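A short write-up of the structure that comes next.
Protein chains in written order, with our numbering: chain R, 1 to 323; chain A, 1 to 179.
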């Protein structure tokens with residue numbers, strides 16, 4: 001806007017501000033008195049006339065739009081505060097795949113968030129990244145991280161998805177941190193995984209320990225073999241890691257007695273598109289090992305194991321319902 | 001972030017293009033998994049560089065051309081996705097329309113182009129200002145109705161409207177100067 005300002009004379013700028021003000025006044029309701037004042041403003045100097053012409057051009061453009069439709073398309077009702085305009089774009093983008101009906105399982109997937117990150121995976125991909133200090137990060141399906149190594153610290157920002165980190169055995173004196181939306185993790189050892197869910201972080205420690213700090217300075221140490229979920233306000237209770245929790249590294253899903261609906265939500269992370277699930281499917285429980293590189297097969301298995309139908313409406317839209 | 005390895009600093013735009021265009025295209029392709037789109041956006045990135053005010057004076061001073069290109073390419077990607085978001089909400093809204101109000105695909109293209117423009121025009125205004133402006137201009141609501149819906153005074157709505165209108169006027173002129 002600055003460069004436009006620079007090319008406009010002060011009179012033109014004033015005229016534009018006045019024109020905007022007059023437009024508002026006349027829209028609010030015109031009296032003959034007001035109209036007269038407006039006309040004399042218009043005739044006062046050529047800049048005013050010019051400014052009003054600009055306004056009419058703008059009005060004509062807006063009038064050509066099908067109003068209701070245009071309003072819905074621009075979604076002004078859902079806009080977040082303006083302070084972080086760029087972030088807003090990303091936030092609204094994150095919403096694309098998520099349909100508000102409760103039974104849609106689309107993994108939190110934000111294409112722009114992914115693509116702007118330093119390292120990322122597409123849905124269904126797993127990738128290993130070697131960091132400059134010798135640590136490795138393995139990214140699970142649809143995950144993204146930013147890596148920020150400075151002379152004083154090593155920091156990984158988990159943007160979305162899940163990562164498994166093995167910190168370097170080399171002696172690097174810079175502290176190592178993993179930042180999620182809810183808290184800051186400081187590994188005091190070597191191997192752990194972190195998953196960014198919508199409103200919480202889930203940490204699983206496989207070796208040694210990880211210290212977690214929340215924004216309000218609450219701290220806890222999660223020891224090896226334990227799993228900790230936390231929001232930005234509180235820690236949930238520690239639970240024991242069950243076998244198979246890191247099976248995704250081998251592109252497998254190993255589960256034991258999991259509600260079917262939960263299982264399908266898990267599968268949805270590795271599939272592009274959505275899986276529609278009827279809520280009553282939670283009453284069935286499933287166990288077994290499934291191949292994450294072929295989720296179609298897992299879905300077919302479900303239809304054989306339980307009295308449910310799996311309908312492939314398209315490659316990206318699968319619906320699971322009681323038979 | 002890890003700075004991508006760049007060839008030596010660039011002396012001219014031509015060199016910048018020659019040395020980095022296919023690299024940038026690959027960088028984008030890896031992210032978009034669509035080579036057509038990657039080619040388009042790589043092209044858009046250079047177009048944006050060229051149209052940046054005072055770019056020609058700056059080209060010789062770019063020390064890390066690839067980091068620089070990535071920064072611009074990210075902005076191009078954000079705009080691209082922003083357009084796609086609008087397109088998707090438009091299509092969704094269109095599907096909810098009664099059939100007799102059908103809109104031809106040609107008309108849709110024009111509407112979408114205008115929507116992208118308005119979205120860009122209103123970017124940078126506060127959410128409330130933007131909402132008030134669109135309720136008035138697109139839904140034809142009166143200031144009193146807007147005030148009620150947004151839970152504020154009518155005089156605040158008028159202030160928002162004046163601010164938004166002035167902003168849009170300046171934006172349109174800025175575009176003309178730019179072209």
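Ideal Cβ placement from N, Cα and C applies to all residues, glycine included. In this text, all values refer to a predicted model and were calculated from it rather than measured experimentally.
- Secondary structure at residue 233/R: coil, using DSSP grouped into helix, strand and coil.
- Beyond the five residues adjoining it in sequence on each side, residue 284/R comes within less than 6 Å, by CB distance, of 260 and 306 in the same chain, given in chain order.
- Put simply, of 156/R, 142/R, 124/R and 123/R the residue whose alpha carbon is nearest the alpha carbon of residue 130/R is 156/R.
- Around the Cβ of residue 300/R, a 10 Å sphere holds fewer than 16 other Cβ atoms; the residue is exposed.
- Ranked by Cα distance from residue 270/R, the first of 250/R, 141/R, 50/R and 27/R is 141/R.
- Between residue 204/R and residue 193/R, the C-beta gap is smaller than 7 Å, which places the two residues in contact.
- Residue 121/A and residue 171/A do touch by the CB rule: their CB atoms are close to 5 Å apart, below 8 Å.
- Under the three-state reduction of DSSP output, residue 173/R falls in the coil class, being neither helix nor strand.
- Around residue 75/R, the beta-carbon contacts reaching into chain A at under 7 Å are 89.
- In summary, residue 312/R is exposed, with fewer than 16 beta-carbon neighbours lying within 10 Å of its beta-carbon over all protein chains present.
- Membership of residue 72/R in any beta strand (DSSP E) is not indicated; the residue belongs instead to the alpha helix (DSSP H) covering 67–74.
- With 16 or more other CB atoms across the displayed protein chains lying within 10 angstroms of its CB, residue 143/A is buried.
- In the pairwise beta carbon analysis, the segment 61–74 of chain R is classified as touching the segment 137–151 of chain A: at least three pairs are separated by under 8 Å.
- Taking C-beta atoms as the reference points, residue 166/R and residue 136/R count as a pair closer than 7 Å.
- The DSSP assignment places 127–137 and 143–150 as complete runs of the alpha helix (DSSP H) inside the segment 122–165 of chain A, in order along the chain (cut-off: 4 residues).
- Contact note: residue 161/A reaches chain R through 24, using a C-beta cutoff of 7 Å and chain order.
- In this chain, the beta strand (DSSP E) harbouring residue 317/R covers 317–322.
- For residue 67/R, the chain A residues whose Cβ falls inside 7 Å of its Cβ are 138, 139 and 140, in order along the chain.
- By the C-beta criterion, the segment 100–118 of chain A is judged not to be in contact with the segment 34–48 of chain R, since fewer than 3 inter-stretch pairs fall below 8 Å.
- With a threshold of 7 Å between beta carbons, residue 43/A makes no contact with chain R.
- If you draw a straight line from the Cα of residue 154/R to the Cα of residue 177/R, it is about 6 Å long.
- What residue 72/R touches in chain A, judged by beta-carbon distance under 7 Å, is 89 and 93, going in chain order.
- Counting the other CB atoms within 10 Å of its CB gives residue 294/R a total below 16, which places it among the exposed residues.
- Boundaries cannot be given for residue 180/R, as no alpha helix (DSSP H) includes it and DSSP labels it neither H nor E.
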